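Numbering (UniProt numbering), first residue to last: 1 to 102.
Worksheet for the structure shown next.
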């Protein structure tokens, strides 16, 4: 099952305090949801037509997305400082998407 430990998130962000733990847990939930919606499958131990294992590359993409949300956590921000989500995130997740037939 998909899981990212809070300690992993804090290590990725180089955070050594617990002031933002609940915020980071919320970002973790959001990142997992966004990843599943982007890929089009839910995370599970076995791969089926509707599920996918939580591969390390998906986890790294989630950690990067959490870092992006944490760095851009203000509701209103100066557009000069607003950075788009890194393309590497979708690049890590894109390989697991099913091709669309039109």
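Every residue gets a Cβ at the ideal spot worked out from N, C-alpha and C, and that includes glycine.
Given the structure is predicted, the values throughout are model-derived calculations rather than measurements.
*asked:* Measuring only the C-alpha atoms, how far is residue 50 from residue 42?
replied: The residue labelled residue 50 in the question sits at position 50 within the chain shown. The residue labelled residue 42 in the question sits at position 42 within the chain shown. Those two C-alpha atoms are separated by around 7 Å.
*Under a three-way DSSP split, which group does residue 4 fall into?*
Within the chain shown, the letter at position 4 stands for residue 4. Three-state result, residue 4: coil.
*Name, in chain order, the residues that DSSP records as bridge partners for residue 66.*
Position 66 of the chain shown holds residue 66. Paired residues: none, contrary to the question.
*asked:* For residue 88, count the other beta carbons within 10 Å of its own beta carbon; 16 or more makes it buried, fewer makes it exposed. Which is it?
replied: For the purposes of this step, residue 88 is identified with residue 88 of the chain shown, where counting begins at 1. Per the 10 Å Cβ criterion, exposed.
*Assign residue 61 to buried or exposed, taking buried as 16 or more other Cβ atoms, counted over all protein chains shown, within 10 Å of its Cβ.*
Numbered from its first residue, the chain shown carries residue 61 at position 61. Residue burial is scored here from C-beta neighbours: residue 61 has at least 16 other C-beta atoms within 10 angstroms and is therefore classed as buried.
*Roughly how many angstroms separate the alpha carbons of residue 68 and residue 39, rounded to a whole number?*
Here residue 68 is taken as the residue at index 68 of the chain shown, counted from 1. Here residue 39 is taken as the residue at index 39 of the chain shown, counted from 1. Computed Cα separation, rounded: 19 Å.
*Relative to the alpha-carbon of residue 25, which residue among 84, 14, 3 has its alpha-carbon at the smallest distance?*
As a position in the chain shown, residue 25 is number 25, starting the count at 1. When each option's Cα is compared against that of residue 25, the closest is 3.
_Checking 8 Å against the spacing of the C-beta atoms, do residue 65 and residue 34 come in under that value?_
As a first step, residue 65 must be located in the chain shown, where it is residue number 65. As a first step, residue 34 must be located in the chain shown, where it is residue number 34. Cβ atoms of residue 65 and residue 34: closer than 8 Å.
*Since residue 52 sits in a beta bridge, which residues does DSSP pair it with?*
Residue 52 sits at position 52 when you count from the first residue of the chain shown. Beta-bridge annotation (DSSP): residue 52 is paired with 43.
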